[in-house]
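What follows is a single structure, written as structure tokens, with notes after it.
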Amino acid sequence: MSSSYKIALVLSLLAAPLLCALAAGDGQHRPPSKPILTRLAKDPSTSLYTASVKNGGGQLVLDLAGPLVWSTCPGKHRTIPCGAGVCAVANRNHRPNCPYTAAGSNGGNGGRCACSATAYNPASGQCGYGDLTTVQLSANATDGKNPLFQVWLSAVASCAPQPLLDSLPAGAAGIAGLSRAPLSLPLQGAGQLKVEKKFALCLPTAGDVGAAIFGGGPFWLQAAPPQQVSDRLRYTPLLKNPKNTADYIGVTGVAVNSVQVPLPPGALSLSARQGTGGVAVSTATPYTALRSDIYRPVRDAFAAATAGLARAPAAGPFDLCYQKSALPPTRIGPYTASVDLMLAGGQNWTIVGASAVVEVSQEAACFAFVDMGAAAAPAVDHSPAVIIGGHQMEDNLVVFDLEKWQFGFSGLLLGTMTRCGNFDFSIGSQ
85 MSSSYKIALV LSLLAAPLLC ALAAGDGQHR PPSKPILTRL AKDPSTSLYT ASVKNGGGQL
145 VLDLAGPLVW STCPGKHRTI PCGAGVCAVA NRNHRPNCPY TAAGSNGGNG GRCACSATAY
205 NPASGQCGYG DLTTVQLSAN ATDGKNPLFQ VWLSAVASCA PQPLLDSLPA GAAGIAGLSR
265 APLSLPLQGA GQLKVEKKFA LCLPTAGDVG AAIFGGGPFW LQAAPPQQVS DRLRYTPLLK
325 NPKNTADYIG VTGVAVNSVQ VPLPPGALSL SARQGTGGVA VSTATPYTAL RSDIYRPVRD
385 AFAAATAGLA RAPAAGPFDL CYQKSALPPT RIGPYTASVD LMLAGGQNWT IVGASAVVEV
445 SQEAACFAFV DMGAAAAPAV DHSPAVIIGG HQMEDNLVVF DLEKWQFGFS GLLLGTMTRC
505 GNFDFSIGSQ
């Protein structure tokens, strides 16, 4: 038996427990463990959200559709052989807009085939290829109220060339993929730490600090009195698109001020066969983007409902804007019309106030939805009908339950006198 084959066999065996732990529905008893917590920030230049999880500095950008973690790597780093089972897993979800390359190379590895995998930048739409390796991540265990103690995680990740960081926030070292794919950050964390396959995001506005909890448990925010926000979540099923790893929810219609907007038949439906249509959720899309045949009637309905409010000039990418002085301030942000996403099962996700409009200057605020036809580098493949963007999730608690296949949402937290910036990051007692 050759020495290179022995090395490949040993690494494959080492990877096997990880893959077993990551397998969905393993049915094994899980010893009790604590969820992990990390800080979130919003970059004002790119409108992307970052998590403080990478050892050695550098932030990872959140990508709900991303199948794995990737970052730049030092010149000398561990590689995983082509024959390892984890190599096949890492290359299972090949993006259609990335040129195909073989999943390995012999360069610089003494003739041994090293596994490579695709790294994708959802902001620029660019792809890169690099060695499959392991990176060290760190976070804090939490009781849902405070950080408790530091936790380390060794995650399988792809290396990426330095230019792939272009258009990401300054200081970003790569991407944290949060999808249902087996090598996403939530599922690797669940497998190693023996916590629930579930994560919660409380996305902050620029200048604030939000929080993410991986592994379930409560989610408390400071208020008077403190609020256990996860107690009031409403849930709707998560849907799978077989053509990509993005998260979708079932939306049957859109209403403005509780009046349903006429849309083309089946406009919001997800075609499982074609992988097109449907409503995806994305942290890499700044504002909710609607296909043109959906955007126009929704925008027109919003404009009609706010006809009495003084307009301001359009400010790309927004084409419906208002004078800020004409929007009465409220506890939940500027007063305008509401937009309801009518969910399967009869519930509504109501987008109102600070979620429905965005301030673009000291004088103007705009309808915070955009025409998908004008969007560059869509963060979700296969042409969804709607991509719910980060702005509409800010100051909301959203939960992705990858065990029960449910999406939980709190609604805008400003209405209960708290916000995502109110998580208490002072060290708590164990």
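In terms of this note's numbering, the sequence shown has 105 at position 21, counting the first letter as 1, and numbering is strictly consecutive. Don't be surprised by glycine CBs; every beta carbon is placed ideally from N, CA and C. Being a predicted model, the structure only gives us computed values, none of them experimental.
| Item | Value |
| --- | --- |
| Assigned exposure category for G392 - 16 Cβ within 10 Å defines buried | exposed |
| Per-residue DSSP class, three states only, for F386 | helix |
| The region 478–498 touching the region 288–305, judged by at least three CB pairs closer than 8 Å | yes |
| Burial state of G334 (16 or more Cβ within 10 Å) | buried |
| D377 in three-state terms, based on DSSP | helix |
| Cβ-based neighbour list, A448, same chain, cut-off 8 Å, excluding 5 preceding and 5 following | A396, P397, A399, C405, Y406, Q407 and K408 |
| C-beta contact flag for S242 and L152 at 8 Å | yes |
| Distance, V470 Cα to L427 Cα | 13 Å |
| Those residues which DSSP pairs with M426 across a bridge | G337 and N432 |
| Rounded C-alpha distance that separates Q220 from F451 | 41 Å |
| Bounding residues of the alpha helix (DSSP H) (the contiguous stretch that carries Q276) | L269 to L277 |
| Collapsed DSSP secondary structure at A296 in the structure displayed | strand |
| Reference L144; option with closest CA among T420, G258, P381 and S445 | G258 |
| Neighbourhood of T360 by C-beta distance below 7 Å, restricted to the same chain and skipping five residues each side | H466 and S467 |
| Minimum length 4: unbroken alpha helix (DSSP H) runs contained in the region 217–244 | none |
| Whole-angstrom distance between Q358 and L287, CA atom to CA atom | 32 Å |
| Where C211 falls: helix, strand or coil (DSSP) | strand |
| Inter-residue CB distance, A394 and A410 (contact presumed, cutoff 8 Å) | 4 Å |
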